[in-house]
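Only one structure is covered here, and it is reproduced in the block below.
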Amino acid sequence: MTAIDPSSLSDADRKAARKEKTFSLITKADAWFQVLGLAWLTPILRAVAGDNPKAQMSEIWRLLGVPLLAIVAFLVAWGALAPQVQTSLGAIPGPAQVWEQVGKLHDDAVREGEKEIAFYERQEARNAKLIAEGNSDKVKQRVYTGKPTYYSQIWTSIKTVFFGFLIATVVAVPLGIAAGLSKTANAALNPIIQIFKPVSPLAWLPIVTMVVSAVYATNDGLFSKSFLVSAITVTLCSLWPTLINTALGVSSIDKDLVSVSKVLKMNTWTKITKLVLPSALPLIFTGLRLSLGVGWMVLIAAEMLAQNPGLGKFVWDEFQNGSSQSLAKIMVAVFTIGLIGFALDRVMYALQSLFTFTNNR
0 MTAIDPSSLS DADRKAARKE KTFSLITKAD AWFQVLGLAW LTPILRAVAG DNPKAQMSEI
60 WRLLGVPLLA IVAFLVAWGA LAPQVQTSLG AIPGPAQVWE QVGKLHDDAV REGEKEIAFY
120 ERQEARNAKL IAEGNSDKVK QRVYTGKPTY YSQIWTSIKT VFFGFLIATV VAVPLGIAAG
180 LSKTANAALN PIIQIFKPVS PLAWLPIVTM VVSAVYATND GLFSKSFLVS AITVTLCSLW
240 PTLINTALGV SSIDKDLVSV SKVLKMNTWT KITKLVLPSA LPLIFTGLRL SLGVGWMVLI
300 AAEMLAQNPG LGKFVWDEFQ NGSSQSLAKI MVAVFTIGLI GFALDRVMYA LQSLFTFTNN
360 R
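Residue numbers for the sequence shown follow numbering that gives the first Met the number 0, so the first one is 0 and each next one is one higher.
Written out as structure tokens, the structure is:
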């Protein structure tokens, strides 16, 4: 086929070709906008590119205008109604008071960071002086033990939930595959799932605490006891959605594919890696998303009850503190928990989009 010389095209044809290329790029980008929760960017870009601006404005209003209007209405109602509710700690804080505490928590974190830097600078100077005086045996390396900042507590909770979630995944996916492939395995696992799936984290927590305290006796191990208690509680409560969805995904693969595997005389490992997993991935990822969401909710409750480091402990400490600013700080934590939960779901959906072809969100 003879190639078309771009110089032979008219200005209108070149303009149309550029517009078509632009729309193609926007369509490709839309898949990632959907993943990131930024679907409203697509109609904006299309409108800028000249693709039926009137229709795109309607989409912009639906995807961006309506949510923003709902948020504004929520903030206005919150600001108007909050002062009307009096508690033992004073009136419910409005949006302005909560935002003020966001700034204060950030400032506290900055000050604590400066204290930590100053601590290590003093320690290094003291140790250098001891070495210069020939007293190397008196050199000591101490760890800064200042109060945890809001940011460090967020990071602690995120690390804990991911650790517990990874353990749950390692346990649930193989068991789910076994249950999906074997009716005998499914019959064995089903009563265990039905009994333990509804159990509250508040019931698991004292059991996990006692077991970890008995088994993990060291105080200088890789993980702290409080971290393991929270992570294992997350594991016990979050593995069920992944296990159930994995079993469902594996058991519902196309029977023709199973017949093909028998004809080709695939061994078990090849059958699982080449046939079962690719077919079941959409449902497996649905289970993983559900498990991570459950794990995040469970973690906050576990941290509150066991007083383990993290956002849950921050909420409980502020509740016990009883200062006039405590309610506003608790509400900052509530919004933080919600936003992190949304971000975790988007991360899992991004991974799902990379490894599967499902369009479910």
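Using N, Cα and C, we set each Cβ at its ideal position, and we do this for glycine too.
Keep in mind it's a predicted model, so treat the numbers as computed, not measured.
(request) Helix, strand or coil for A216, going by three-state DSSP, please let me know. (result) As a working mapping, residue 216 is identified with position 217 in the sequence shown. Coil.
(message) Taking 8 Å as the cut-off, does the stretch 251 to 264 touch the stretch 303 to 323 (at least 3 CB pairs, one atom from each stretch)?
(response) no
(message) Are the CB atoms of P281 and T355 within a distance shorter than 8 Å?
(response) By 1-based counting over the sequence shown, the position of residue 355 is 356. By 1-based counting over the sequence shown, the position of residue 281 is 282. Cβ atoms of T355 and P281: closer than 8 Å.
(request) Within the same chain, show all residues whose beta-carbon is closer than 6 Å to that of R61, passing over the 5 residues directly before and after it, in chain order. (result) Position 62 of the sequence shown holds residue 61. Same-chain partners within the cutoff: there are none.
(message) Tell me the residue span of the alpha helix (DSSP H) that contains Y149.
(response) As a working note, residue 149 is residue 150 in the sequence shown. It spans Y149 to L180 - the alpha helix (DSSP H) in which Y149 sits, taken as one unbroken run.
(request) Check whether the Cβ atoms of S212 and K224 lie closer than 8 Å to each other. (result) Taking the sequence shown and counting its residues from 1, the one referred to as residue 212 is at position 213. Taking the sequence shown and counting its residues from 1, the one referred to as residue 224 is at position 225. Contact: yes.
(message) Using C-beta distances below 7 Å, list every residue in its chain close to F162, excluding the 5 sequence neighbours before and after it, in chain order.
(response) As a working mapping, residue 162 is identified with position 163 in the sequence shown. Cβ within range, chain order: A230.
(request) Would you check if the distance between the CB atom of L335 and the CB atom of I153 is smaller than 8 Å? (result) Along the sequence shown, read from residue 1 onward, the residue named residue 335 stands at position 336. Along the sequence shown, read from residue 1 onward, the residue named residue 153 stands at position 154. First, the residue type needs correcting, since residue 335 is Thr and not Leu in the sequence shown. Yes, the Cβ-Cβ distance between T335 and I153 is below 8 Å.
(request) State yes or no: is the C-beta of V160 within less than 8 Å of the C-beta of G248? (result) Residue numbering aside, residue 160 sits at position 161 when the sequence shown is read from its first letter. Residue numbering aside, residue 248 sits at position 249 when the sequence shown is read from its first letter. Contact flag unset, no.
(request) Could you tell me which residues DSSP puts in a beta bridge with A90? (result) Within the sequence shown, residue 90 is the residue found at index 91, counting from 1. Partner(s): Q85.
(request) Evaluate K328 with the Cβ neighbour count: other Cβ atoms within 10 Å of its Cβ, from every protein chain shown; 16 or more gives buried, anything less gives exposed. (result) Here residue 328 refers to the residue found at position 329 when the sequence shown is read from its first residue. Label assigned to K328: buried.
(request) Compute the Euclidean distance between the alpha carbons of L174 and L242, then round it to the nearest angstrom. (result) Translated into the one-based positions of the sequence shown, residue 174 becomes position 175. Translated into the one-based positions of the sequence shown, residue 242 becomes position 243. Rounded to the nearest angstrom, the two C-alpha atoms are 7 Å apart.
(message) Starting from L221, trace the alpha helix (DSSP H) in both directions and tell me its first and last residue.
(response) On the sequence shown, residue 221 is found 222 positions in, with the first residue counted as 1. L221 -> no alpha helix (DSSP H), and no H or E assigned at all.
(request) Report the three-state DSSP secondary structure of Q306 (helix, strand or coil). (result) Reading the sequence shown from its first residue, position 307 is the one you call residue 306. Coil at Q306, not helix or strand.
(message) Suppose the cutoff is 8 Å on Cβ atoms and the five residues either side in sequence are ignored; what does the same chain contact list for L343 look like?
(response) If you number the sequence shown from 1, residue 343 lands on position 344. For L343, where only same-chain residues beyond five positions count, the Cβ hits under 8 Å are V160, L291, G292 and W295.
(message) Quick check: what's the CA-CA separation for L304 versus Q319?
(response) Reading the sequence shown from its first residue, position 305 is the one you call residue 304. Reading the sequence shown from its first residue, position 320 is the one you call residue 319. Those two C-alpha atoms are separated by around 13 Å.
(request) Answer yes or no: do Y149 and D107 have a C-beta to C-beta separation smaller than 8 Å? (result) As a position in the sequence shown, residue 149 is number 150, starting the count at 1. As a position in the sequence shown, residue 107 is number 108, starting the count at 1. It is a contact, given that the beta carbons lie within the stated cut-off.
(message) Please report the straight-line C-alpha distance between A202 and K158, rounded to a whole angstrom.
(response) Your numbering for residue 202 matches position 203 in the sequence shown. Your numbering for residue 158 matches position 159 in the sequence shown. A202 and K158: Cα-Cα distance of roughly 23 Å.
(message) For A332 and I271, what's the separation of their Cα atoms in angstroms?
(response) For the purposes of this step, residue 332 is identified with residue 333 of the sequence shown, where counting begins at 1. For the purposes of this step, residue 271 is identified with residue 272 of the sequence shown, where counting begins at 1. One C-alpha to the other measures close to 43 Å.
(message) Please identify the residue among V228, F222, A79 and P200 whose C-alpha is closest to the C-alpha of V210.
(response) Against the sequence shown, residue 210 aligns to sequence position 211. That would be V228, whose Cα lies nearest to the Cα of V210.
(message) By the DSSP assignment, the alpha helix (DSSP H) with I271 in it spans what residues?
(response) Start at 1 with the first residue of the sequence shown, and residue 271 comes out as number 272. Looking at the DSSP string, I271 is not in any alpha helix (DSSP H), and its letter there is neither H nor E.
(request) Flag this pair as touching only if the stretch 260 to 277 and the stretch 231 to 238 have three or more C-beta atom pairs under 8 Å; answer yes or no. (result) no
(request) Out of A76, A38, R141 and K128, state which residue places its alpha-carbon closest to the alpha-carbon of Y119. (result) Translated into positions along the sequence shown, residue 119 becomes position 120. Out of A76, A38, R141 and K128, R141 has the C-alpha closest to the C-alpha of Y119.
(message) With a threshold of 7 Å on Cβ separation, who are the neighbours of K114 within its own chain once the five nearest residues in sequence on each side are excluded?
(response) Within the sequence shown, numbered from 1, the residue matching residue 114 stands at position 115. The beta carbon of K114 sits closer than 7 Å to the beta carbons of G145 from its chain, once the five residues preceding and following it are set aside; these are given in chain order.
(message) My assumption, with CB atoms under 8 Å, is that A81 sits in contact with G93. Please give the rounded CB distance.
(response) The residue given as residue 81 occupies position 82 in the sequence shown. The residue given as residue 93 occupies position 94 in the sequence shown. Yes, they are in contact, since the Cβ atoms of A81 and G93 sit about 4 Å apart, within 8 Å.
(request) Compute the Euclidean distance between the alpha carbons of V214 and I206, then round it to the nearest angstrom. (result) The residue you call residue 214 lines up with position 215 of the sequence shown. The residue you call residue 206 lines up with position 207 of the sequence shown. When rounded, the distance between both Cα atoms is 12 Å.
(message) With a threshold of 8 Å on Cβ separation, who are the neighbours of T208 within its own chain once the five nearest residues in sequence on each side are excluded?
(response) Translated into the one-based positions of the sequence shown, residue 208 becomes position 209. Excluding positions up to five away in sequence, the list reads V228 and A305.
(request) Can you tell me the Cβ-Cβ gap for T168 and L287, rounded? I've got them flagged as a contact below 8 Å. (result) Residue mapping note: residue 168 aligns to position 169 of the sequence shown, counting from 1. Residue mapping note: residue 287 aligns to position 288 of the sequence shown, counting from 1. Contact flag correct, Cβ pair sits at about 7 Å.
(request) Measure the C-alpha to C-alpha separation of G309 and F226 and round it to an integer number of angstroms. (result) As a first step, residue 309 must be located in the sequence shown, where it is residue number 310. As a first step, residue 226 must be located in the sequence shown, where it is residue number 227. Those two C-alpha atoms are separated by around 9 Å.
(request) Using the Cα positions of A187 and S181, report the straight-line distance between them to the nearest angstrom. (result) Taking the first residue of the sequence shown as 1, we reach residue 187 at position 188. Taking the first residue of the sequence shown as 1, we reach residue 181 at position 182. Between the alpha carbons of A187 and S181 lies a gap of roughly 10 Å.
(request) Give every residue of the same chain whose Cβ lies closer than 6 Å to the Cβ of G64, excluding the five residues on either side of it in the sequence, and list them in chain order. (result) Position 65 of the sequence shown, counted from the start, is the residue given in the question as residue 64. Hits under 6 Å: none found.
(message) Looking at the ligand NAD, does it come within less than 7 Å of V65, judged from the CB to the closest heavy atom?
(response) Judged by which ligands are present, the structure shown has none, so any question about the ligand NAD falls away.
(request) Rounded to whole angstroms, what's the CA-CA distance from S366 to P200? Just pull it up for me. (result) It is not possible to answer for residue 366, since the shown part of the chain is limited to 0 through 360.
(message) Helix, strand or coil, according to DSSP, for R345 in the structure here?
(response) Translated into the one-based positions of the sequence shown, residue 345 becomes position 346. Reduced to three states, the DSSP call for R345 is helix.
(request) Look at M330 and V97 and say whether their C-beta atoms are less than 8 Å apart. (result) Residue 330 sits at position 331 when you count from the first residue of the sequence shown. Residue 97 sits at position 98 when you count from the first residue of the sequence shown. For M330 and V97, yes; Cβs fall inside 8 Å.
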